[in-house]
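Numbering (UniProt numbering), first residue to last: 1 to 481.
Read through the structure below, which is laid out as structure tokens, and then see the notes.
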């Protein structure tokens, strides 16, 4: 990932030090930024005169790296010409792609190709977060030292020509820049550029997001450090938590999948649980420690203790259906498959599987079974093999797993014996049909009529934001705020 950020006027950050604009910012920019693999950015100053310097630097590096790579390639080809003749077309394409990335000035001295570019549009921000900026703000860079819209577009085009495929616009706060929609729209016109995103604090989304989407915005990152309004005001020294939440809601309704960034601080640690806990609607299960196969003290998996339960007669029935098609159905009916009698072998496999259930299913009790019956029949009209299993025991726990395992393995055996003819075989409807004994009984009626469930509660209506422009400047504001 490359990152273009604002620096002091007339200076370029290079390898942890600052140099004048007259130097080439990319000449030593890559590979001099540290040995850590996590460091993957290069900083470029924001003065307008650097655009020409960057252009010359990219062209210069492209020529230098191309010459170097060409020499290396030539020496390798001379020493390994015999093996090169055996290279497949796929490997050749991979080699060409690797060669292009190696030739690019966007490949650093660690061999990493950078295709992700971040452009800081402004240093201005409408928040004063404690970890970022003093309460009184900072002295702003003169406007003449900042890149204009045309210069941003020219710079982005140069990087795309060298292999950048994703650009993210940052700040400061990019939404305070009035020409943001124009920049996004013009960036989307650049050939080969695949994605344009922004990183924002979310305060202006309810006013601007629809317009930004029309301009072509692809991705959205939102900075939000807490789910508490009071804590938000304390951290950012500004109000607006409700507007940020409304902006996230609007982004989801417009089809975005916003990524929420959070700066973890010692003072905000009590709020981590609220950030990732029950307020996230996709999590419905909360009491994990109440599961019967999890020890409440250690959280480790354990087998359920049934020592205190009384032994009772227990029975379970399960079924499975295998669609085999007309050709295999005819072969089974006439017993013409090379592997033998499909139905008989499936029955035998089901019986053996029921006895081995405790070996196949973790934490399943080993139960002395008193009866195992597996029925396998062919329906020549529907071209299906129907499996029905019945398992009985006199014990302290049920035999549903034994019945289901027998049905599953019998169905898999049918598939295994018929797969040489066709792989268009469908195993379906593996289910428990009946269970008696123990705490409760269960009956699955195949022809049970569907009962319409009436609910007197009013239907839930998803609130949609109005997208009609309120003013000529296309401002979009939720009505409930």
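C-beta: ideal position from N, C-alpha, C; glycine also.
Residues of the same chain with a CB within less than 7 Å of the CB of residue 185, apart from the 5 flanking positions on each side, are 215 and 216 in chain order. Collapsing the DSSP output to three states places residue 138 in coil. Within the model, the alpha-carbon separation for residue 220 versus residue 235 is close to 22 Å. Judged by DSSP secondary structure, residue 129 falls outside any alpha helix (DSSP H); it is assigned neither H nor E. Contact check for residue 124 against residue 176 passes: the beta carbons are separated by less than 8 Å.
Taking the CA atoms as reference points, residue 419 sits about 8 Å from residue 425.
For residue 417, the enclosing alpha helix (DSSP H) starts and ends at 400–418. Distance check between residue 244 and each of 422, 223 and 346 places 223 closest, using alpha-carbon atoms only. Closest in alpha carbon position to residue 381, among 143, 206 and 327, is 327. Of all alpha-carbon atoms in 122, 173 and 136, the one lying nearest the alpha-carbon of residue 148 is that of 122. Within the same chain, no residue comes within 6 Å of residue 368 by CB-CB distance, once the 5 residues on both sides are set aside. Ranked by how close their Cα comes to the Cα of residue 428, the residues 228, 409 and 115 have 409 in first place.
The beta carbon of residue 402 lies closer than 6 Å to those of 354, 357 and 391 in the same chain, with the five residues before and after it left out. Going by C-alpha positions, residue 198 is about 11 Å away from residue 183.
Residue pairing for residue 320: DSSP places it in a beta bridge opposite 387. Between residue 257 and residue 437 the beta-carbon gap is near 48 Å, outside 8 Å, which marks them as no contact. Residue 333 is classed as exposed because its beta carbon has fewer than 16 other beta carbons within 10 Å across all chains shown. Within the same chain, 190 come within 8 Å of residue 157 by CB-CB distance, once the 5 residues on both sides are set aside. With contacts defined by Cβ atoms closer than 8 Å, residue 319 and residue 407 form a contacting pair.
About 4 Å separates the Cβ atoms of residue 383 and residue 329, confirming a contact at the 8 Å cut-off. Nearest Cα to residue 416 within the set 181, 229, 338 and 116: 338. Annotation: residue 171 to residue 431 spans about 56 Å, alpha carbon to alpha carbon.
Taking C-beta separations shorter than 7 Å and ignoring five residues to either side along the sequence, the partners of residue 364 in its chain run 357, 358 and 401, following chain order.
When rounded, the separation of the alpha-carbon atoms in residue 349 and residue 325 is 22 Å. It is roughly 16 Å from the alpha-carbon of residue 259 to the alpha-carbon of residue 174. In this structure, 397 is the residue among 397, 412 and 388 with its C-alpha nearest to the C-alpha of residue 440. In the displayed model, residue 145 falls within a helix according to three-state DSSP. Boundaries of the alpha helix (DSSP H) harbouring residue 325: 325–333, taken from the DSSP string. Straight-line measurement puts the Cα of residue 104 at about 38 Å from the Cα of residue 204. The secondary-structure analysis by DSSP pairs residue 113 across a beta bridge with 107. Looking at the backbone, the Cα of residue 393 and that of residue 343 are separated by about 25 Å.
Separation of residue 118 and residue 411 (C-alpha to C-alpha, rounded to the nearest whole angstrom) is 55 Å. At a Cβ-Cβ threshold of 8 Å, residue 414 and residue 316 do not count as neighbours. Collapsing the DSSP output to three states places residue 260 in a strand. Rounded to the nearest whole angstrom, the C-alpha separation of residue 188 and residue 150 is 14 Å.
Only exposed fits residue 142, as fewer than 16 other CB atoms lie within 10 angstroms of its CB.
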